[in-house]
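Residue numbers (this note's numbering): 252 to 407.
Here a beta-carbon is modelled for each residue, glycine too, at the ideal position from N, C-alpha and C.
Working notes for the structure below.
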């Protein structure tokens with residue numbers, strides 16, 4: 252099984268989850284790079300506003316082609332109750348290229364409409380989803396990542 256994990260992470264939290272999943276699944280990993288610097292409180296507010304309005308970010312060209320993978324696992328932080336704008340851009344650019352997909356997100360509270368919006372955009376149901384909120388991330392969340400990875404292995 253050929254798996255790619257692709258993710259965007261503004262604060263490195265989603266990146267940590269992506270790296271733990273990579274170890275569990277022994278697969279390829281690609282970070283989505285936003286051309287805009289989104290650090291700081293003002294950028295945080297602007298990012299949330301753009302996410303709420305579904306304004307895709309300007310992202311750097313990806314290296315790994317999603318069509319070359321049996322499964323692409325897409326990770327995003329939750330911004331204004333939905334996916335981050337770099338992931339929105341990635342999904343828009345590649346929505347016809349996925350064989351199978353799974354989603355994970357990191358969030359302060361709950362995922363809101365993140366997974367529904369991602370599913371709607373790519374017009375396909377994910378094999379599995381994983382949402383990790385602030386409480387999960389402050390505790391030991393390795394069990395949830397392991398269960399997600401095992402479920403992926405058993406369903407592909």
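Helix, strand or coil for residue i? Go by DSSP, reduced to three states.
{"i": "residue 255", "result": "strand"}
{"i": "residue 382", "result": "strand"}
{"i": "residue 394", "result": "helix"}
{"i": "residue 262", "result": "coil"}
{"i": "residue 377", "result": "coil"}
{"i": "residue 273", "result": "helix"}
{"i": "residue 363", "result": "coil"}
Going by beta carbon distance, what residues of the same chain come within less than 6 Å of residue i, once the five residues before and after it are set aside?
{"i": "residue 332", "result": "363, 364"}
{"i": "residue 325", "result": "257, 354"}
Which residues does DSSP list as the beta-bridge partners of residue i?
{"i": "residue 352", "result": "323"}
{"i": "residue 333", "result": "330"}
{"i": "residue 285", "result": "310"}
{"i": "residue 387", "result": "Paired residues: none, contrary to the question."}
{"i": "residue 280", "result": "256"}
{"i": "residue 357", "result": "328, 383"}
Within its chain, find whatever has a CB closer than 8 Å to the CB of residue i; leave out the 5 residues flanking it on each side and keep chain order.
{"i": "residue 299", "result": "330, 331"}
{"i": "residue 403", "result": "254, 276, 322, 324, 353, 378, 379"}
What does a CB cutoff of less than 7 Å around residue i pick up in its chain, not counting 5 residues either side in sequence?
{"i": "residue 337", "result": "259, 283, 285, 308, 310"}
{"i": "residue 320", "result": "253, 254, 255, 350"}
Straight-line CA distance for residue i to residue j?
{"i": "residue 383", "j": "residue 356", "result": "6 Å"}
{"i": "residue 397", "j": "residue 272", "result": "8 Å"}
{"i": "residue 318", "j": "residue 348", "result": "5 Å"}
{"i": "residue 339", "j": "residue 313", "result": "14 Å"}
{"i": "residue 270", "j": "residue 280", "result": "8 Å"}
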